[in-house]
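These notes concern the structure reproduced below.
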Amino acid sequence: MSAPFFGWRVVWGAALVAVFAWGVGFYGPSVFLHALHTGRGWPVSVVSAAITAHFLLSAGLVVRLPALYRRFGLVAVTRAGGLLGGGGAVLWASVPDPWLLFPAAVVSGAGWALTSGAAINAMVAPWFERRRPMALSLAFNGASIGGVLFAPLWAVLIERLGFPHAALAIGAAMAVVVWWLAGAVLRPTPASLGQQPDGGPAMGAADASVAAGRAALPGGMRVWRDRRFATLAIAFALGLFAQIGLIAHLFSLLAPALGEAGAGGAISLATACAVLGRTLLGRLLRPGVDRRIAASVNFAVQVTGCLALLAAAGSSVPLLVTGCVLFGLGIGNLVSLPPLIAQAEFSRADTNRVVVLVTAVNQAVFAFAPAILGVVRDAAGWAGAPILLAAAVQVVAIGAALAGRGRAGA
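Take 5 as the starting number for the sequence shown in our numbering and just add one per residue.
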(Lines of atoms letter the chains of each structure in order from A; the text may use other names.)
(Lines give C-alpha, C1' and ligand atoms only; values in the text may rest on other atoms or scores of the structure.)
Protein backbone atom coordinates (compact mmCIF):
# COMPACT_ATOMS: atom_id res chain seq x y z
CA MET A 5 0.00 0.00 0.00
CA SER A 6 1.47 3.36 -1.04
CA ALA A 7 1.97 6.16 1.47
CA PRO A 8 -0.61 9.00 1.53
CA PHE A 9 0.22 11.90 -0.73
CA PHE A 10 2.39 14.30 1.27
CA GLY A 11 1.59 17.38 -0.81
CA TRP A 12 -1.55 18.26 1.13
CA ARG A 13 0.47 18.36 4.36
CA VAL A 14 2.76 20.84 2.62
CA VAL A 15 -0.29 22.94 1.66
CA TRP A 16 -1.54 23.14 5.24
CA GLY A 17 1.96 23.87 6.50
CA ALA A 18 2.34 26.66 3.93
CA ALA A 19 -1.06 28.03 4.96
CA LEU A 20 0.08 28.26 8.58
CA VAL A 21 3.29 30.01 7.50
CA ALA A 22 1.07 32.45 5.58
CA VAL A 23 -1.05 33.09 8.69
CA PHE A 24 2.04 34.36 10.52
CA ALA A 25 3.63 36.04 7.48
CA TRP A 26 0.58 38.17 6.72
CA GLY A 27 -0.44 38.60 10.35
CA VAL A 28 2.98 40.05 11.22
CA GLY A 29 4.56 41.27 7.98
CA PHE A 30 1.54 42.58 6.08
CA TYR A 31 -1.20 43.52 8.54
CA GLY A 32 1.22 44.21 11.39
CA PRO A 33 2.70 47.48 10.09
CA SER A 34 -0.67 49.26 10.16
CA VAL A 35 -1.03 48.21 13.80
CA PHE A 36 2.52 49.38 14.48
CA LEU A 37 1.67 52.78 12.98
CA HIS A 38 -1.28 53.24 15.32
CA ALA A 39 0.61 52.01 18.39
CA LEU A 40 3.68 54.17 17.79
CA HIS A 41 1.72 57.30 16.91
CA THR A 42 -0.84 57.15 19.71
CA GLY A 43 1.39 55.56 22.33
CA ARG A 44 4.62 57.51 21.79
CA GLY A 45 3.54 60.47 19.72
CA TRP A 46 5.86 59.61 16.84
CA PRO A 47 4.99 61.39 13.58
CA VAL A 48 2.73 59.48 11.22
CA SER A 49 4.91 60.56 8.30
CA VAL A 50 8.05 59.00 9.78
CA VAL A 51 6.37 55.72 10.74
CA SER A 52 4.65 55.57 7.34
CA ALA A 53 7.99 56.10 5.61
CA ALA A 54 9.44 53.19 7.59
CA ILE A 55 6.50 51.01 6.52
CA THR A 56 7.15 51.93 2.88
CA ALA A 57 10.81 51.01 3.44
CA HIS A 58 9.68 47.66 4.89
CA PHE A 59 7.89 46.75 1.66
CA LEU A 60 10.49 48.22 -0.70
CA LEU A 61 13.35 46.36 0.99
CA SER A 62 11.27 43.21 0.83
CA ALA A 63 10.77 43.70 -2.91
CA GLY A 64 14.53 43.94 -3.36
CA LEU A 65 15.12 40.67 -1.52
CA VAL A 66 12.30 38.70 -3.14
CA VAL A 67 14.14 38.67 -6.47
CA ARG A 68 17.01 36.84 -4.75
CA LEU A 69 14.81 34.03 -3.45
CA PRO A 70 15.72 31.46 -6.16
CA ALA A 71 19.42 32.02 -5.50
CA LEU A 72 18.88 31.71 -1.74
CA TYR A 73 16.97 28.47 -2.20
CA ARG A 74 19.74 27.03 -4.38
CA ARG A 75 22.42 27.95 -1.86
CA PHE A 76 20.75 27.29 1.49
CA GLY A 77 17.64 25.24 0.74
CA LEU A 78 13.94 25.86 1.30
CA VAL A 79 13.99 24.77 4.95
CA ALA A 80 16.82 27.07 6.05
CA VAL A 81 15.50 30.09 4.14
CA THR A 82 11.99 29.64 5.56
CA ARG A 83 13.35 29.29 9.09
CA ALA A 84 15.34 32.47 8.59
CA GLY A 85 12.15 34.18 7.44
CA GLY A 86 10.37 33.19 10.65
CA LEU A 87 13.23 34.45 12.80
CA LEU A 88 13.58 37.72 10.89
CA GLY A 89 9.83 38.33 10.77
CA GLY A 90 9.35 37.71 14.48
CA GLY A 91 12.54 39.55 15.41
CA GLY A 92 11.60 42.49 13.20
CA ALA A 93 8.29 42.91 15.02
CA VAL A 94 10.15 42.99 18.34
CA LEU A 95 12.49 45.67 16.99
CA TRP A 96 9.59 47.83 15.77
CA ALA A 97 8.14 47.74 19.27
CA SER A 98 11.42 48.24 21.15
CA VAL A 99 13.46 50.92 19.38
CA PRO A 100 13.80 54.12 21.46
CA ASP A 101 13.90 56.64 18.59
CA PRO A 102 11.87 57.00 15.38
CA TRP A 103 14.90 56.88 13.07
CA LEU A 104 15.70 53.38 14.35
CA LEU A 105 12.49 52.15 12.72
CA PHE A 106 14.38 52.05 9.44
CA PRO A 107 16.94 49.44 10.59
CA ALA A 108 13.98 47.55 12.08
CA ALA A 109 12.30 47.73 8.66
CA VAL A 110 15.34 46.04 7.11
CA VAL A 111 14.86 43.06 9.43
CA SER A 112 11.07 42.87 9.18
CA GLY A 113 11.17 43.41 5.41
CA ALA A 114 13.58 40.50 5.04
CA GLY A 115 11.27 38.31 7.09
CA TRP A 116 8.29 39.29 4.94
CA ALA A 117 10.22 38.56 1.73
CA LEU A 118 11.20 35.06 2.89
CA THR A 119 7.69 34.02 3.99
CA SER A 120 5.23 35.84 1.69
CA GLY A 121 3.75 35.17 -1.75
CA ALA A 122 6.74 33.95 -3.75
CA ALA A 123 7.87 31.82 -0.80
CA ILE A 124 4.44 30.20 -0.40
CA ASN A 125 4.46 29.36 -4.11
CA ALA A 126 7.93 27.82 -3.79
CA MET A 127 6.68 25.56 -0.99
CA VAL A 128 3.61 24.31 -2.85
CA ALA A 129 4.59 24.28 -6.54
CA PRO A 130 6.85 21.17 -6.54
CA TRP A 131 3.95 19.06 -5.28
CA PHE A 132 1.22 20.06 -7.73
CA GLU A 133 0.65 20.50 -11.46
CA ARG A 134 -2.98 19.92 -12.46
CA ARG A 135 -4.30 20.63 -8.96
CA ARG A 136 -2.10 23.64 -8.30
CA PRO A 137 -4.98 26.15 -8.46
CA MET A 138 -6.76 24.46 -5.56
CA ALA A 139 -3.52 23.85 -3.65
CA LEU A 140 -2.38 27.48 -3.90
CA SER A 141 -5.87 28.74 -3.08
CA LEU A 142 -5.89 26.73 0.14
CA ALA A 143 -2.34 27.76 1.06
CA PHE A 144 -3.00 31.45 0.44
CA ASN A 145 -6.18 31.30 2.50
CA GLY A 146 -3.74 31.44 5.40
CA ALA A 147 -3.04 35.04 4.39
CA SER A 148 -6.68 36.02 4.82
CA ILE A 149 -6.97 34.08 8.05
CA GLY A 150 -3.89 35.93 9.27
CA GLY A 151 -5.71 39.21 8.75
CA VAL A 152 -8.85 37.99 10.51
CA LEU A 153 -6.93 36.63 13.51
CA PHE A 154 -3.99 38.95 13.97
CA ALA A 155 -5.61 42.38 13.64
CA PRO A 156 -7.72 41.88 16.80
CA LEU A 157 -4.99 39.80 18.46
CA TRP A 158 -2.47 42.62 18.11
CA ALA A 159 -4.99 45.09 19.53
CA VAL A 160 -5.87 42.93 22.55
CA LEU A 161 -2.27 42.07 23.41
CA ILE A 162 -1.05 45.65 23.03
CA GLU A 163 -3.83 46.87 25.31
CA ARG A 164 -3.12 44.25 27.97
CA LEU A 165 0.66 43.79 27.73
CA GLY A 166 1.94 46.90 26.01
CA PHE A 167 3.44 47.02 22.53
CA PRO A 168 6.92 45.59 23.35
CA HIS A 169 5.60 42.56 25.23
CA ALA A 170 2.86 41.96 22.66
CA ALA A 171 5.46 41.99 19.88
CA LEU A 172 7.69 39.65 21.87
CA ALA A 173 4.85 37.16 22.36
CA ILE A 174 3.74 37.18 18.72
CA GLY A 175 7.28 37.35 17.34
CA ALA A 176 8.41 34.39 19.45
CA ALA A 177 5.37 32.38 18.38
CA MET A 178 6.11 33.11 14.72
CA ALA A 179 9.76 32.13 15.03
CA VAL A 180 9.02 28.86 16.86
CA VAL A 181 6.08 27.75 14.70
CA VAL A 182 7.74 28.56 11.37
CA TRP A 183 10.98 26.87 12.48
CA TRP A 184 9.11 23.69 13.38
CA LEU A 185 6.91 23.71 10.27
CA ALA A 186 9.87 24.15 7.94
CA GLY A 187 11.54 21.03 9.29
CA ALA A 188 8.34 18.99 9.55
CA VAL A 189 6.69 19.61 6.18
CA LEU A 190 9.17 21.37 3.88
CA ARG A 191 12.16 19.03 4.16
CA PRO A 192 10.66 16.11 2.17
CA THR A 193 10.42 16.45 -1.61
CA PRO A 194 8.31 14.46 -4.07
CA ALA A 195 11.45 12.68 -5.26
CA SER A 196 12.61 11.79 -1.74
CA LEU A 197 9.23 10.17 -1.01
CA GLY A 198 8.91 8.53 -4.41
CA GLN A 199 5.77 10.54 -5.20
CA GLN A 200 4.62 12.44 -8.28
CA PRO A 201 2.98 15.89 -8.39
CA ASP A 202 -0.72 15.74 -7.52
CA GLY A 203 -0.18 12.29 -6.00
CA GLY A 204 -0.91 10.63 -9.32
CA PRO A 205 1.01 9.39 -12.36
CA ALA A 206 3.80 11.40 -13.89
CA MET A 207 2.94 14.20 -16.32
CA GLY A 208 1.86 12.78 -19.64
CA ALA A 209 4.01 13.13 -22.72
CA ALA A 210 1.58 15.60 -24.29
CA ASP A 211 1.56 17.85 -21.20
CA ALA A 212 5.34 17.68 -20.93
CA SER A 213 5.67 18.58 -24.62
CA VAL A 214 3.42 21.64 -24.19
CA ALA A 215 5.38 22.81 -21.15
CA ALA A 216 8.71 22.30 -22.88
CA GLY A 217 7.53 24.15 -25.99
CA ARG A 218 6.75 27.44 -24.24
CA ALA A 219 9.01 30.31 -25.22
CA ALA A 220 11.94 30.94 -22.87
CA LEU A 221 11.94 34.14 -20.84
CA PRO A 222 14.66 36.68 -21.77
CA GLY A 223 17.29 37.53 -19.19
CA GLY A 224 17.93 40.77 -17.31
CA MET A 225 15.88 43.85 -18.15
CA ARG A 226 14.99 42.29 -21.51
CA VAL A 227 12.33 40.40 -19.57
CA TRP A 228 10.12 43.48 -20.01
CA ARG A 229 10.13 42.89 -23.78
CA ASP A 230 8.22 39.65 -23.22
CA ARG A 231 4.56 40.63 -23.49
CA ARG A 232 3.43 37.73 -21.32
CA PHE A 233 5.60 38.89 -18.43
CA ALA A 234 5.10 42.63 -18.90
CA THR A 235 1.31 42.43 -19.01
CA LEU A 236 1.20 40.03 -16.06
CA ALA A 237 3.43 42.25 -13.92
CA ILE A 238 1.62 45.46 -14.87
CA ALA A 239 -1.88 44.04 -14.39
CA PHE A 240 -1.28 42.76 -10.89
CA ALA A 241 0.90 45.67 -9.79
CA LEU A 242 -1.99 47.97 -10.71
CA GLY A 243 -4.58 45.68 -9.15
CA LEU A 244 -2.69 45.44 -5.88
CA PHE A 245 -1.98 49.18 -5.90
CA ALA A 246 -5.73 49.81 -6.04
CA GLN A 247 -6.51 47.13 -3.50
CA ILE A 248 -3.89 48.00 -0.88
CA GLY A 249 -4.50 51.71 -1.25
CA LEU A 250 -8.25 51.39 -0.81
CA ILE A 251 -7.96 48.98 2.11
CA ALA A 252 -5.72 51.47 3.90
CA HIS A 253 -8.48 54.10 3.70
CA LEU A 254 -11.52 51.83 3.93
CA PHE A 255 -12.00 52.01 7.70
CA SER A 256 -12.16 55.81 7.71
CA LEU A 257 -14.50 55.77 4.70
CA LEU A 258 -16.93 53.35 6.36
CA ALA A 259 -16.86 54.68 9.93
CA PRO A 260 -19.08 57.77 9.44
CA ALA A 261 -22.02 55.60 8.36
CA LEU A 262 -21.31 52.34 10.19
CA GLY A 263 -19.51 53.53 13.31
CA GLU A 264 -16.10 52.23 14.34
CA ALA A 265 -17.39 48.81 15.38
CA GLY A 266 -19.45 48.49 12.22
CA ALA A 267 -16.55 49.57 10.02
CA GLY A 268 -14.32 46.98 11.66
CA GLY A 269 -16.99 44.36 11.13
CA ALA A 270 -17.38 45.30 7.47
CA ILE A 271 -13.64 44.97 6.89
CA SER A 272 -13.64 41.58 8.63
CA LEU A 273 -16.52 40.58 6.35
CA ALA A 274 -14.47 41.61 3.32
CA THR A 275 -11.54 39.52 4.57
CA ALA A 276 -13.82 36.53 5.11
CA CYS A 277 -15.13 36.97 1.58
CA ALA A 278 -11.53 36.82 0.37
CA VAL A 279 -11.34 33.24 1.68
CA LEU A 280 -14.59 32.39 -0.10
CA GLY A 281 -13.49 34.01 -3.36
CA ARG A 282 -10.12 32.29 -3.38
CA THR A 283 -11.66 28.88 -2.59
CA LEU A 284 -14.27 29.28 -5.36
CA LEU A 285 -11.59 30.23 -7.86
CA GLY A 286 -9.52 27.20 -6.90
CA ARG A 287 -12.48 24.92 -7.58
CA LEU A 288 -13.60 26.61 -10.80
CA LEU A 289 -10.18 27.09 -12.41
CA ARG A 290 -10.07 23.78 -14.27
CA PRO A 291 -7.35 22.82 -16.78
CA GLY A 292 -7.90 24.66 -20.03
CA VAL A 293 -9.61 27.67 -18.46
CA ASP A 294 -7.99 30.94 -19.56
CA ARG A 295 -6.50 32.27 -16.34
CA ARG A 296 -6.19 35.81 -17.68
CA ILE A 297 -9.95 35.83 -18.26
CA ALA A 298 -10.38 34.67 -14.66
CA ALA A 299 -8.12 37.51 -13.51
CA SER A 300 -10.11 40.03 -15.53
CA VAL A 301 -13.38 38.80 -14.03
CA ASN A 302 -11.81 39.11 -10.58
CA PHE A 303 -10.80 42.72 -11.27
CA ALA A 304 -14.28 43.43 -12.64
CA VAL A 305 -15.94 42.12 -9.47
CA GLN A 306 -13.77 44.48 -7.43
CA VAL A 307 -14.60 47.39 -9.75
CA THR A 308 -18.28 46.62 -9.16
CA GLY A 309 -17.60 46.70 -5.43
CA CYS A 310 -15.96 50.10 -5.79
CA LEU A 311 -18.96 51.38 -7.72
CA ALA A 312 -21.27 50.17 -4.95
CA LEU A 313 -19.15 52.03 -2.40
CA LEU A 314 -19.34 55.16 -4.55
CA ALA A 315 -23.09 54.82 -5.00
CA ALA A 316 -23.49 54.57 -1.22
CA ALA A 317 -22.34 58.20 -1.00
CA GLY A 318 -21.07 57.50 2.51
CA SER A 319 -24.54 56.90 3.91
CA SER A 320 -26.30 53.85 2.42
CA VAL A 321 -25.48 50.94 4.72
CA PRO A 322 -26.73 48.21 2.33
CA LEU A 323 -24.59 49.56 -0.51
CA LEU A 324 -21.55 49.92 1.74
CA VAL A 325 -21.86 46.32 2.89
CA THR A 326 -22.47 45.13 -0.69
CA GLY A 327 -19.38 47.00 -1.82
CA CYS A 328 -17.27 45.39 0.91
CA VAL A 329 -18.53 41.92 -0.03
CA LEU A 330 -17.83 42.36 -3.76
CA PHE A 331 -14.47 44.00 -3.19
CA GLY A 332 -13.58 41.33 -0.63
CA LEU A 333 -14.35 38.43 -2.98
CA GLY A 334 -11.41 39.47 -5.14
CA ILE A 335 -8.88 40.36 -2.46
CA GLY A 336 -7.24 36.98 -2.06
CA ASN A 337 -7.09 36.09 -5.74
CA LEU A 338 -4.69 38.94 -6.52
CA VAL A 339 -2.05 36.98 -4.60
CA SER A 340 -2.81 33.47 -5.87
CA LEU A 341 -3.53 34.23 -9.55
CA PRO A 342 -0.05 35.43 -10.69
CA PRO A 343 1.64 32.07 -9.89
CA LEU A 344 -1.20 30.24 -11.65
CA ILE A 345 -0.93 32.39 -14.79
CA ALA A 346 2.84 31.94 -14.73
CA GLN A 347 2.41 28.16 -14.52
CA ALA A 348 0.11 28.19 -17.55
CA GLU A 349 2.21 30.49 -19.75
CA PHE A 350 5.87 29.84 -18.94
CA SER A 351 8.18 26.85 -18.91
CA ARG A 352 8.88 25.07 -15.64
CA ALA A 353 12.38 26.54 -15.64
CA ASP A 354 11.02 30.10 -15.90
CA THR A 355 7.90 29.89 -13.73
CA ASN A 356 9.59 30.47 -10.37
CA ARG A 357 11.60 33.37 -11.77
CA VAL A 358 8.42 34.97 -13.12
CA VAL A 359 6.69 34.59 -9.77
CA VAL A 360 9.47 36.25 -7.78
CA LEU A 361 9.87 39.10 -10.29
CA VAL A 362 6.13 39.79 -10.40
CA THR A 363 5.99 39.67 -6.59
CA ALA A 364 8.87 42.15 -6.35
CA VAL A 365 7.24 44.53 -8.84
CA ASN A 366 3.92 44.28 -7.00
CA GLN A 367 5.46 45.13 -3.63
CA ALA A 368 7.51 47.99 -5.02
CA VAL A 369 4.37 49.53 -6.53
CA PHE A 370 1.80 48.94 -3.79
CA ALA A 371 4.18 50.25 -1.11
CA PHE A 372 3.28 53.76 -2.30
CA ALA A 373 -0.47 53.16 -2.70
CA PRO A 374 -1.75 54.32 0.72
CA ALA A 375 0.20 57.57 0.50
CA ILE A 376 -0.83 58.34 -3.09
CA LEU A 377 -4.52 57.65 -2.46
CA GLY A 378 -4.26 59.78 0.68
CA VAL A 379 -2.85 62.70 -1.31
CA VAL A 380 -5.64 62.31 -3.88
CA ARG A 381 -8.25 62.23 -1.12
CA ASP A 382 -6.91 65.38 0.52
CA ALA A 383 -6.46 67.24 -2.77
CA ALA A 384 -9.96 66.40 -4.00
CA GLY A 385 -11.60 67.11 -0.67
CA TRP A 386 -13.96 64.23 -1.43
CA ALA A 387 -14.06 60.88 0.35
CA GLY A 388 -15.06 59.13 -2.88
CA ALA A 389 -11.91 60.20 -4.73
CA PRO A 390 -9.72 57.25 -3.63
CA ILE A 391 -12.56 54.82 -4.42
CA LEU A 392 -12.95 56.26 -7.92
CA LEU A 393 -9.18 56.15 -8.49
CA ALA A 394 -9.03 52.52 -7.31
CA ALA A 395 -11.82 51.56 -9.71
CA ALA A 396 -10.13 53.34 -12.62
CA VAL A 397 -6.79 51.67 -11.91
CA GLN A 398 -8.45 48.26 -11.83
CA VAL A 399 -10.09 48.91 -15.20
CA VAL A 400 -6.61 49.56 -16.60
CA ALA A 401 -5.48 46.32 -14.93
CA ILE A 402 -8.19 44.44 -16.84
CA GLY A 403 -6.83 45.85 -20.09
CA ALA A 404 -3.28 44.85 -19.20
CA ALA A 405 -4.32 41.31 -18.30
CA LEU A 406 -6.25 40.84 -21.55
CA ALA A 407 -3.44 42.38 -23.63
CA GLY A 408 -1.22 39.40 -22.84
CA ARG A 409 -3.63 36.71 -24.03
CA GLY A 410 -2.30 34.35 -26.67
CA ARG A 411 1.11 35.98 -26.82
CA ALA A 412 3.96 33.49 -26.82
CA GLY A 413 6.69 35.99 -26.16
CA ALA A 414 8.15 39.28 -27.22
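Quick reminder that beta carbons are idealized off the backbone N, C-alpha and C, glycines included.
The structure displayed is predicted, hence computed values, not measured ones.
Would you say V50 and P100 are within 7 Å of each other, going by their C-beta atoms? no
Going by the CB atoms, is the gap between G336 and S148 shorter than 7 Å? yes
For G92, name the three-state secondary structure that DSSP assigns. helix
Just tell me which of N356, G29, A123, R136 has its CA closest to the CA of L95. G29
According to DSSP, is Q199 part of a helix, a strand, or is it coil? coil
Apart from the five residues on each side of it in sequence, which residues of its chain come closer than 6 Å, Cβ to Cβ, to G121? V339, T363
Segments assigned alpha helix (DSSP H), at least 4 residues, entirely inside the segment 307-338: 321-335
Rounded Cβ spacing between P343 and F240 (contact assumed at less than 8 Å): No, P343 and F240 are not in contact; Cβ-Cβ is about 10 Å, not under 8 Å.
For V397, the three-state DSSP class (helix, strand or coil): helix
Identity of the residue in L242, S112, I271 nearest F36 by Cα: S112
For R164 and A237, the rounded distance between their alpha carbons: 42 Å
What residue range is occupied by the uninterrupted alpha helix (DSSP H) comprising L165? 136-165
Let me know the secondary structure DSSP gives R83 once reduced to three states. helix
Per-residue burial, S319 [other beta carbons within 10 Å of its own, 16 or more giving buried]: exposed
Helix, strand or coil, according to DSSP, for E264 in the structure here? helix
If we count the other Cβ atoms within 10 Å of its Cβ and call it buried at 16 or more, is I55 buried or exposed? buried
Would you grab the beta carbon distance between A299 and I345 for me? Rounded to a whole angstrom, and I think it's under 8 Å. 7 Å
Out of curiosity, what's the CA-to-CA distance linking A261 and A387? 12 Å
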